[in-house]
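Participant:
Residue numbers (our numbering): 2 to 560.
1. Out of 321, 337, 227, point me to the one whose CA is closest to residue 386's CA.
2. Report yes if the CB atom of residue 491 is closer than 8 Å to the CB atom of residue 516, and no otherwise.
3. Can you say whether residue 409 is buried or exposed, counting buried as having 16 or more other CB atoms within 10 angstroms of its CB?
4. State the Cα-Cα distance for the pair residue 250 and residue 38, rounded to the nearest angstrom.
5. What does a CB cutoff of less than 8 Å around residue 480 pick up in its chain, not counting 5 residues either side in sequence?
6. By DSSP, does residue 53 sit in helix, in strand, or in coil?
7. Look up residue 91 in the DSSP assignment and give the residues it is bridged to.
8. DSSP three-state label for residue 537, please.
9. With DSSP as the reference, identify every bridge partner of residue 131, one or two as the case may be.
10. Quick one: give me the first and last residue of the alpha helix (DSSP H) that residue 507 is part of.
11. Below 6 Å CB to CB, which residues in the same chain sit around residue 545 once its five sequence neighbours on both sides are set aside?
12. Does residue 346 come out as helix, strand or coil in the three-state DSSP assignment?
13. Tell me which residues share the same chain as residue 520 and place their Cβ nearer than 6 Å to its Cβ, disregarding the 5 neighbours each side in the sequence.
14. Checking the sheet assignment: what are the DSSP bridge partners for residue 358?
15. Residue 388 and residue 420: beta carbons closer than 8 Å?
16. For a quick check, are the C-beta atoms of residue 286 and residue 264 less than 8 Å apart?
17. Please report the distance separating the alpha-carbon of residue 124 from that of residue 182.
18. Is it true that the segment 332 to 341 meets the segment 363 to 381, where meeting means three or more beta-carbon pairs spaced less than 8 Å apart?
19. Spatial neighbours of residue 185 within its chain, please: CB distance less than 8 Å, with the 5 preceding and 5 following residues excluded, ordered by chain position.
20. Ignore the nearest five residues each way along the sequence and tell me which others in residue 243's own chain have a CB closer than 6 Å to its CB.
21. In the DSSP output, what is residue 138 paired with across the bridge?
22. Buried or exposed: where does residue 142 fall if 16 or more other Cβ atoms within 10 Å of its Cβ makes it buried?
23. Under the DSSP definition of a beta bridge, which residues are partnered with residue 481?
24. Look at residue 1 and residue 524 and say whether their C-beta atoms are less than 8 Å apart.
25. According to DSSP, is residue 238 helix, strand or coil?
26. Within its chain, find whatever has a CB closer than 7 Å to the CB of residue 152; leave out the 5 residues flanking it on each side and keep chain order.
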């Protein structure tokens, strides 16, 4: 047949006629099929053919579609979008796919997601004479995708929050994590309610309701009281009653537990070792359904929060105990000794950090001399404070037996080897001074040098001998003997003064020398200047200890 032109007779009587009849039969079959939703539009964007399935989606009978445009039948926004897309396919003559069209009934509780595939239809001359739109319901597919994404999001978010809470040492850090999660789930309010730390520890469900209720603050909102009392979450929503609470909470309870401006809320009890600690409360501006996966996620987060709250309270109790122990062991007054002036400064670590093992001591020994000590048990918390107490007591006992610095440090080494853990490290500087002469015998165990400021304002750092090791590390101990003249000052200090996150030890030692050379005269003024300059603008996470000794201008006569 070659390339003969197509004639009207061939279309009417030839194979084209059979083809057209076949296409019509196919369209008729698809149009009556309940599962295939499609429409055919002419150049004027009027409906030429509409399937029963699409008519049901549009909620308009098939016959009412034919010969009319979408803007004459459908909601204006949807109709304009259909006509815009159909006109585009006519103009561009290429297929087009829309991946997400939401068709919803008036109450929006059963909105469906659809995909529309638009295909141009060409006539015998190749011109676009119609456009076919085939609409597929992809709601279940979208739900599966959303569930997968939300599941992945919940898993990653829970892992992040778990890591964050694992490092929380204070209740304020737990509150910060709750606030962060609240922002990520679009909560209107995120709140943490905690019972008094002194509340009795007992399994609440086994007690009479009256006794349980008395322990919960009466000012708490009812949902909080219910959640803490019963040890079970309380979910509330102002969505439709049959969607408000899949677990079947009473409808009256659901509606009454949301405040004005809130469309949904959830209260999650915090249970630590079976004992109620309080509750978390999230409220939401929009109505929402808390599905099973949402509940698992929120309740797992509450469980991590409960662990963090319990841990923070244990830490706070230990911190208070350690501070009390440390302060009970540190003298708040130093002995008055003729010819020698003593002064100290002690600053515990910042409240959010564990207490350290710093200590200082001044005491008379039987031969009339005075012992001075500055030490640091490496570590934090109750263990460090207790270790400091043991070393302090042992040092005093040894000093009263034989005050010689070499003998005292050697005895402490033996004690450490016999009683302390290998990981325990303690540094200290110990000296004995004779008030009448200013002669000082000094020994150190791995501690920082002392600062010496002469009466004429010159400053230097002095070690008590060759570099030494902390207590318990076997070595031959040595001592250094020096004379402090009238007006001379010696200052011992801990590493918390010198070293911090922004400054190394060498920089700190250079700074303390600079301060000492320009500070006003007098022991108290010097210690104050040192503290102000070395701690200025610094984040302090360790104890700071200074002990100063000044030889008086006039000393008591020898003998």
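Ideal Cβ positions, reconstructed from N, Cα and C, are used throughout, including at glycine.
Facilitator: Considering the structure as presented:
1. By 1-based counting over the chain shown, the position of residue 386 is 385. The shortest Cα separation from residue 386 among 321, 337, 227 belongs to 321.
2. In the chain shown, residue 491 corresponds to position 490, counting from 1. In the chain shown, residue 516 corresponds to position 515, counting from 1. No; because the gap between Cβ atoms is not below 8 Å, this pair is not in contact.
3. The sequence position of residue 409 within the chain shown is 408, counting from 1. Looking at its Cβ environment, which holds 16 or more other Cβ atoms inside 10 Å, residue 409 is buried.
4. Here the question's residue 250 lines up with position 249 in the chain shown. Here the question's residue 38 lines up with position 37 in the chain shown. Caution applies to residue 250, whose pLDDT of 29 falls short of 50 and renders its modelled position unreliable; the value that the coordinates give is listed next. Each residue's Cα considered, the two are about 40 Å apart.
5. Along the chain shown, one-based indexing puts residue 480 at 479. Closer than 8 Å at Cβ, skipping near neighbours: 405, 406, 407, 442, 443, 444, 465, 466.
6. Taking the chain shown and counting its residues from 1, one reaches residue 53 at position 52. Looking at residue 53 - three-state DSSP - the assignment turns out to be helix.
7. The residue given as residue 91 occupies position 90 in the chain shown. Note: residue 91 sits in no beta bridge, so no partner.
8. As a position in the chain shown, residue 537 is number 536, starting the count at 1. In the structure shown, residue 537 sits in coil (DSSP, three-state: anything other than H, G, I, E or B).
9. Along the chain shown, read from residue 1 onward, the residue named residue 131 stands at position 130. BP columns for residue 131 point to 122.
10. Counting from one through the chain shown, the residue named residue 507 turns up at place 506. Looking at the DSSP string, the run of the alpha helix (DSSP H) that includes residue 507 is 506 to 519.
11. For the purposes of this step, residue 545 is taken as residue 544 along the chain shown, with counting starting at 1. Excluding positions up to five away in sequence, the list reads 348, 497, 498.
12. Locating residue 346 in the chain shown gives position 345, where the first residue counts as 1. The answer is strand: DSSP assigns residue 346 an E or B state.
13. Counting from 1 along the chain shown, the entry for residue 520 is found at position 519. Here the set comprises 527, 530.
14. Start at 1 with the first residue of the chain shown, and residue 358 comes out as number 357. Looking at the DSSP assignment, residue 358 forms a beta bridge with 378.
15. In the chain shown, counting from the first residue as 1, residue 388 sits at position 387. In the chain shown, counting from the first residue as 1, residue 420 sits at position 419. No, these two residues do not count as a Cβ contact at 8 Å.
16. Taking the chain shown and counting its residues from 1, one reaches residue 286 at position 285. Taking the chain shown and counting its residues from 1, one reaches residue 264 at position 263. Cβ distance < 8 Å, so residue 286 and residue 264 count as in contact.
17. Residue 124 sits at position 123 when you count from the first residue of the chain shown. Residue 182 sits at position 181 when you count from the first residue of the chain shown. Their Cα atoms are separated by approximately 59 Å.
18. yes
19. As a working note, residue 185 is residue 184 in the chain shown. Within the same chain, residue 185 has close Cβ partners 158.
20. Start at 1 with the first residue of the chain shown, and residue 243 comes out as number 242. Per-residue confidence for residue 243 stands at a pLDDT of 33, beneath the threshold of 50, marking its modelled position as unreliable; no derived number is given.
21. Locating residue 138 in the chain shown gives position 137, counting from the first residue. In the DSSP output, where bridge partners are listed per residue, residue 138 has 115.
22. As a first step, residue 142 must be located in the chain shown, where it is residue number 141. So residue 142 ends up on the exposed side.
23. The residue labelled residue 481 in the question sits at position 480 within the chain shown. Note: residue 481 sits in a beta bridge opposite 443.
24. One cannot answer for residue 1 here, as it falls past the ends of the chain, which runs 2 to 560.
25. One-based indexing of the chain shown puts residue 238 at position 237. Three-state result, residue 238: strand.
26. Against the chain shown, residue 152 aligns to sequence position 151. Answer for residue 152: 294, listed in chain order.
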